[in-house]
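**Q** Numbering (our numbering), first residue to last: 196 to 636.
For reference, the structure I am asking about is given below.
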């Protein structure tokens, strides 16, 4: 009977003609009308989420530069290691408050990517006001302690002519935050702007800039500060006030929806921070990530990850590895008693929910925030696609989840690199592949 069923299936496939995904791959990237297309390195894997059955694969075990699809690795590792409700804390530690004065006040960071200068509950301004409310009026020595991360401020394999927020345990986000640029465009130079490479190359420059901004906030709150240095907190110092981030699940959502590089980098670095305060290093973070990926079902070899955001061109992963990770996420929804299928339908799986939702458009802020980097793709298709985008010169990636017309939840990974033409050609091919798999499976 099994042989008869197999023969019947094969006959049905033969009558149906070639697989539509295979036909699209043979066609290759889809350029704009009248424009030429070029060969590309393309890998595809499609599997059923619940069973793990591979429905289609092409060059799925070859390695690709994933660009921001790498954020799937760093953000899922952070969620499953630290937990969705985890919050970063930035503290002001003191040597002892007496008559409104402390001999030593230390601003200590643990890598919060969302700490801002002012205007929010999680800000240097809020921390300064909290200290003033405790009765602090004078500081003899203000210290900045960013030693929780023993990392370079520029990622391994990042382009020298790129620009990004420098990494660090004491980090500022948003308006007024220091920003690293090793080169400036001609127009910027004409306006008198200068590059600031020491922000990246000299480890003390960035934390002292943050310290100077905090000193200004303290003085604005009525607290006098005599001096500022970069130094560790003393073991006897006690927290006098602190501010906390939003829950990690919300930070991961922003990182994935809008592909925020520095958020992913800070999360990756946080993985290496020991529970006993042992500083994070690239080696410790890599070991923590490898431990998580082993739990997720990935072999310890056959991939190379050098950062948390995907900016590094040293990163290499395969479509099968990405799909394996995504299936682990599907089968193990955090923070809900629901089954995997129920959590997917209810949109309560925090990692899946953090991904851009295709085709939402831009009519409302809610639509934009739900769609993120996929808001203007697959518009009007009627398809539910949650997926992480990724792009750099010559590279376009898209991996995530799709509810097919059959009702089945599919996992897909589309990795594409080595393309000399416009990235729109690769995105057109990705969208066509998604539409095809929605009908085929």
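Beta carbons: idealized from backbone N, C-alpha and C, even for Gly.
(1) Which runs of the beta strand (DSSP E) fall wholly inside the region 220-304 and span at least 3 residues, in chain order?
(2) Take residue 480 and list the residues in its own chain whose beta-carbon comes closer than 7 Å to its own, dropping the five residues that flank it on each side.
(3) Check whether the Cβ atoms of residue 317 and residue 440 sit closer than 8 Å, and answer yes or no.
(4) Under the three-state reduction of DSSP, which class applies to residue 366: helix, strand or coil?
(5) With a Cβ-Cβ cutoff of 8 Å, do residue 301 and residue 471 count as a contact?
(6) If you drop the 5 nearest sequence neighbours on each side, which residues of the same chain put their C-beta closer than 6 Å to that of residue 285?
(7) Which of the three DSSP states is assigned to residue 344 in this structure?
(8) Answer with buried or exposed for residue 340, where buried requires no fewer than 16 other C-beta atoms within 10 angstroms of its C-beta.
(9) Under a three-way DSSP split, which group does residue 620 fall into?
(10) Which one of 214, 324, 424 and 262 has the shortest CA to CA distance from residue 509?
(11) Within 10 angstroms of its Cβ, does residue 542 collect 16 or more other Cβ (buried), or is it exposed?
(12) Report the partner residues of residue 375 according to the DSSP bridge assignment.
(13) Relative to the C-alpha of residue 244, which residue among 407, 529, 547 and 478 is closest?
(14) Rounded to whole angstroms, what's the CA-CA distance from residue 374 to residue 230? Just pull it up for me.
(15) DSSP three-state label for residue 321, please.
(16) Between residue 213 and residue 401, what straight-line distance do the alpha-carbon atoms span, to the nearest angstrom?
(17) Looking at the structure shown, is residue 425 part of a helix, part of a strand, or coil, going by DSSP?
(18) What do you reckon, are the CB atoms on residue 421 and residue 336 nearer than 8 Å?
(19) In the DSSP output, what is residue 433 paired with across the bridge?
(20) Take every Cβ of the region 617-627, pair it with every Cβ of the region 219-226, and state whether three or more of those distances are shorter than 8 Å.
(21) How far does the alpha helix (DSSP H) with residue 396 in it extend, from its first residue to its last?
(22) Assess contact between the region 277-293 and the region 377-387, defined as three or more Cβ pairs (one per stretch) separated by less than 8 Å. Is contact present?
(23) Does the beta-carbon distance from residue 622 to residue 572 come in below 8 Å?
(24) Do you know offhand how far residue 600's Cα is from residue 580's?
(25) Going by the CB atoms, is the gap between residue 551 and residue 569 shorter than 8 Å?
(26) Terminal residues of the continuous beta strand (DSSP E) containing residue 164?
(27) Report the option in 425, 348, 409 and 417 whose CA atom is closest to the CA atom of residue 391.
(28) Report the three-state DSSP secondary structure of residue 596 (helix, strand or coil).
(29) Return the residue from the list 498, 635, 611 and 590 that minimises the CA-CA distance to residue 602.
(30) For residue 446, name the three-state secondary structure that DSSP assigns.
(31) My output table needs one value for residue 336: the three-state DSSP class, helix, strand or coil.
(32) Quick check on this structure: which residue in 595, 632 and 591 has the alpha carbon closest to the alpha carbon of residue 619?
(33) Could you tell me the boundaries of the alpha helix (DSSP H) in which residue 519 lies?
(34) Under the three-state reduction of DSSP, which class applies to residue 475: helix, strand or coil?
(35) Taking residue 504 and residue 456 to be in contact with their CB atoms under 8 Å, please state how far apart those CB atoms are, rounded to whole angstroms.
**A** So, from the data block:
(1) Within the region 220-304, complete beta strand (DSSP E) segments of at least 3 residues are found at 236-243, 249-253, 284-289 and 296-303, given in chain order.
(2) Locating residue 480 in the chain shown gives position 285, where the first residue counts as 1. Cβ within range, chain order: 463, 464, 466 and 467.
(3) Taking the first residue of the chain shown as position 1, residue 317 is located at position 122. Taking the first residue of the chain shown as position 1, residue 440 is located at position 245. Between residue 317 and residue 440, the CB-CB gap stays under 8 Å.
(4) Here residue 366 refers to the residue found at position 171 of the chain shown. In this structure, residue 366 counts as coil in the three-state DSSP scheme.
(5) Walking along the chain shown from the start, residue 301 turns up at place 106. Walking along the chain shown from the start, residue 471 turns up at place 276. Not a contact, by the Cβ cut-off of 8 Å.
(6) Position 90 of the chain shown holds residue 285. For residue 285, where only same-chain residues beyond five positions count, the Cβ hits under 6 Å are 304, 307, 310 and 438.
(7) The residue given as residue 344 occupies position 149 in the chain shown. Note: residue 344 maps to strand in three-state DSSP.
(8) Indexing the chain shown from 1 puts residue 340 at position 145. Burial check for residue 340: the Cβ neighbour count within 10 Å reaches 16 or more, so the residue is buried.
(9) Locating residue 620 in the chain shown gives position 425, counting from the first residue. In the three-state reduction of the DSSP assignment, residue 620 falls in the helix class, which pools H, G and I.
(10) In the chain shown, counting from the first residue as 1, residue 509 sits at position 314. Of the listed residues, the one whose Cα sits closest to residue 509 is 262.
(11) Within the chain shown, numbered from 1, the residue matching residue 542 stands at position 347. Under a 10 Å Cβ-count criterion, residue 542 is classified as exposed, with fewer than 16 other Cβ atoms of the shown protein chains found around its own Cβ.
(12) In the chain shown, residue 375 corresponds to position 180, counting from 1. According to the DSSP secondary-structure assignment, residue 375 is paired through a beta bridge with 359.
(13) Here the question's residue 244 lines up with position 49 in the chain shown. Out of 407, 529, 547 and 478, 547 has the C-alpha closest to the C-alpha of residue 244.
(14) Locating residue 374 in the chain shown gives position 179, counting from the first residue. Locating residue 230 in the chain shown gives position 35, counting from the first residue. Rounded to the nearest angstrom, the two C-alpha atoms are 38 Å apart.
(15) Taking the first residue of the chain shown as position 1, residue 321 is located at position 126. Taken through DSSP and simplified to helix, strand or coil, residue 321 comes out as helix.
(16) As a working note, residue 213 is residue 18 in the chain shown. As a working note, residue 401 is residue 206 in the chain shown. So the two alpha carbons sit approximately 58 Å from each other.
(17) Position 230 of the chain shown, counting from 1, holds the residue named residue 425. In the three-state reduction of the DSSP assignment, residue 425 falls in the strand class, which pools E and B.
(18) For this step, residue 421 is matched to residue 226 along the chain shown. For this step, residue 336 is matched to residue 141 along the chain shown. Going by C-beta atoms, residue 421 is nearer than 8 Å to residue 336.
(19) Mapped onto the chain shown, residue 433 falls at position 238. For residue 433, which the question treats as bridged, DSSP gives the partners 289.
(20) Yes, the region 617-627 touches the region 219-226.
(21) Start at 1 with the first residue of the chain shown, and residue 396 comes out as number 201. Looking at the DSSP string, the run of the alpha helix (DSSP H) that includes residue 396 is 393-396.
(22) At 8 Å Cβ cutoff, the stretches do not touch.
(23) As a working note, residue 622 is residue 427 in the chain shown. As a working note, residue 572 is residue 377 in the chain shown. Yes, Cβ-Cβ distance for residue 622 and residue 572 is below 8 Å.
(24) For this step, residue 600 is matched to residue 405 along the chain shown. For this step, residue 580 is matched to residue 385 along the chain shown. Approximately 12 Å, taken between the alpha carbons.
(25) Reading the chain shown from its first residue, position 374 is the one you call residue 569. Reading the chain shown from its first residue, position 356 is the one you call residue 551. Going by C-beta atoms, residue 569 is nearer than 8 Å to residue 551.
(26) Any property of residue 164 remains undetermined from this structure, which presents the chain solely from 196 to 636.
(27) Counting from one through the chain shown, the residue named residue 391 turns up at place 196. When each option's Cα is compared against that of residue 391, the closest is 348.
(28) Your numbering for residue 596 matches position 401 in the chain shown. Strand.
(29) Here residue 602 corresponds to residue number 407 of the chain shown, with the count starting at 1. Checking every option, the nearest Cα to that of residue 602 belongs to 635.
(30) To locate residue 446, count along the chain shown from 1; it is residue 251. Residue 446 falls in the helix class under three-state DSSP.
(31) Indexing the chain shown from 1 puts residue 336 at position 141. When DSSP states are grouped into helix, strand and coil, residue 336 belongs to the strand group.
(32) Start at 1 with the first residue of the chain shown, and residue 619 comes out as number 424. Ranking the options by Cα distance to residue 619, first place goes to 591.
(33) Counting from one through the chain shown, the residue named residue 519 turns up at place 324. Run containing residue 519: 514-526, per the alpha helix (DSSP H) assignment.
(34) By one-based count along the chain shown, residue 475 stands at place 280. Correct three-state label for residue 475: strand.
(35) Taking the chain shown and counting its residues from 1, the one referred to as residue 504 is at position 309. Taking the chain shown and counting its residues from 1, the one referred to as residue 456 is at position 261. Between the beta-carbon of residue 504 and that of residue 456 there is about 4 Å, and that keeps the pair under the 8 Å contact cut.
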